[in-house]
Amino acid sequence: MPGEQANEEDEPDAAQVYSLKEHMFRILQELRNNADITRMAESVISENPLHVLAKVSEELFATGVNWGRIVVFFYFTYEVCRQCAFSFFRDVMDWAMNFLRDRLALWIEEQGGWNGILNFFPSSE
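Just so you know, numbering that gives the first Met the number 0 puts 97 at position 98 of the sequence shown, and the rest follows in order with no gaps.
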């Protein structure tokens, strides 16, 4: 988070990074094949993308925050950006970054920052 100084023990090792990459790739494949997420992302063509992103994000985190939901949030935001008109891109990104800062940043910090996701996807060694 802002002002954090990285030290050697905060640095993930190669096995952790590789394991995270493998897990994230598998999740990406699952999300790409999820008909509900695809349908919701495609709805931005006929609806305001900010309303779609806000509605899905509120529902996604209605019962709490976890790393899996954060991953889905980033993927869904990407899909909304991909589907919406270029003129909405900056607004969608601004909204997503504000949501991340206002609703998720404290939880991420409490989990040890972004390195905390490495504990969610343990190394396969």
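Yeah, the Cβ is synthetic: ideal placement off N, Cα and C, and Gly gets one too.
Residue from the options whose Cα sits closest to the Cα of residue i
| i | options | result |
| --- | --- | --- |
| residue 44 | 80, 16, 18, 108 | 80 |
Residue i burial status per 10 Å Cβ neighbour count (16 or more: buried)
| i | result |
| --- | --- |
| residue 39 | buried |
| residue 111 | exposed |
| residue 105 | exposed |
| residue 62 | exposed |
| residue 51 | buried |
| residue 72 | buried |
| residue 14 | exposed |
| residue 34 | exposed |
Per-residue DSSP class, three states only, for residue i
| i | result |
| --- | --- |
| residue 43 | helix |
| residue 147 | There is no way to answer for residue 147, as the model of the chain reaches only from 0 to 124. |
| residue 101 | helix |
| residue 111 | coil |
| residue 10 | coil |
| residue 83 | coil |
| residue 76 | helix |
Presumed contact (8 Å Cβ cut-off) between residue i and residue j, rounded CB distance
| i | j | result |
| --- | --- | --- |
| residue 16 | residue 49 | With a Cβ gap of about 34 Å, residue 16 and residue 49 do not count as contacting. |
Do the stretch 45-62 and the stretch 70-78 meet, that is, are 3 or more Cβ pairs less than 8 Å apart?
yes
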